[in-house]
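Below: the structure, in structure tokens.
Number of protein chains: 2
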Amino acid sequence: MDTFITNRIRKLRFEANEMTQHALAERVGVTRQTIIAIEAARYAPSLELAFRIARAFAKPLEDVFQYRADA
Amino acid sequence: MDTFITNRIRKLRFEANEMTQHALAERVGVTRQTIIAIEAARYAPSLELAFRIARAFAKPLEDVFQYRADA
DNA sequence: ACATTATGTCAACTATACACGACATCACGG
DNA sequence: CCGTGATGTCGTGTATAGTTGACATAATGT
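In the order they appear, the protein sequences are chains B and D. Under our numbering, the residues of the first sequence are numbered 1 to 71, in order. Under our numbering, the residues of the second sequence are numbered 101 to 171, in order.
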């Protein structure tokens, strides 16, 4: 169960000139705690937020978030 | 403002041998009402469900769901 | 005329994404 | 030694995704 969504946000933040969680949060319009929770995969973002995060990194969505289907 | 996610589910259902809403719902593990609401864009699916729907059509996620960013 | 299938609506509920404030830790620079 | 920035936790509250059951309607078939 857990969550079936993984992500590469932390990696992409460091590749993107070491963008901080706070900076990313501001860019995509959520709070710092939300970015922390998503990075830690405590929960998956909404589809809309996933799109905004992917766009913040100028990457296709499936490059940032992966779905592992062992349902 | 409404929702910023649009989708091509209805079109893809008919292209996929006229798959019914009920059949799609079963394939992705949600109820029929959920598919109706998403098709009608009354709300956006979760990221996880979006991945499952895209996979049901064997399409990349961004082929099924679009984000329009006039926030 | 009746049954069935596909689509849609409504209301009440549960689960979860996200906000907000407070507080803790660690690294770094002055 | 102290301040600040970056990361993380906890608790509580709100918004929204998704469920369930009931009911409506149009289209098709027998």
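Just so it is clear, CB atoms sit at the ideal spot from N, CA and C, and this is done for glycine as well.
Taking DSSP's pairing of strands, which residues face residue i in a bridge?
{"i": "Asn-72 of chain B", "result": "Here chain B comprises residues numbered 1 to 71, so residue 72 of chain B is not present and cannot be evaluated."}
{"i": "Phe-165 of chain D", "result": "D:Asn-107"}
Mapping the DSSP letters down to three states, classify residue i as helix, strand or coil.
{"i": "Thr-134 of chain D", "result": "helix"}
{"i": "Ala-44 of chain B", "result": "coil"}
{"i": "Ala-71 of chain B", "result": "Reliability of the predicted coordinates at Ala-71 of chain B is poor, the pLDDT of 49 falling under 50, and no value is obtained from them."}
{"i": "Lys-59 of chain B", "result": "coil"}
What residue range does the alpha helix (DSSP H) around residue i cover?
{"i": "Phe-151 of chain D", "result": "147 to 156"}
I think residue i touches residue j, with their Cβ atoms under 8 Å apart; what is that distance to the nearest whole Å?
{"i": "Ala-69 of chain B", "j": "Leu-61 of chain B", "result": "Between Leu-61 of chain B and Ala-69 of chain B the Cβ distance is about 16 Å, and since that is not below 8 Å, they are no contact."}
{"i": "Ala-44 of chain B", "j": "Ile-9 of chain B", "result": "Contact doesn't hold; Cβ gap of about 12 Å is too wide."}
{"i": "Tyr-67 of chain B", "j": "Phe-151 of chain D", "result": "4 Å"}
{"i": "Ile-38 of chain B", "j": "Asn-7 of chain B", "result": "7 Å"}
In the segment 30 to 53 of chain B, which residues sit with their C-beta less than 9 Å from some C-beta in chain D, listed in chain order? Ala-44, Pro-45, Ser-46, Leu-47, Glu-48, Leu-49, Ala-50, Phe-51 and Arg-52
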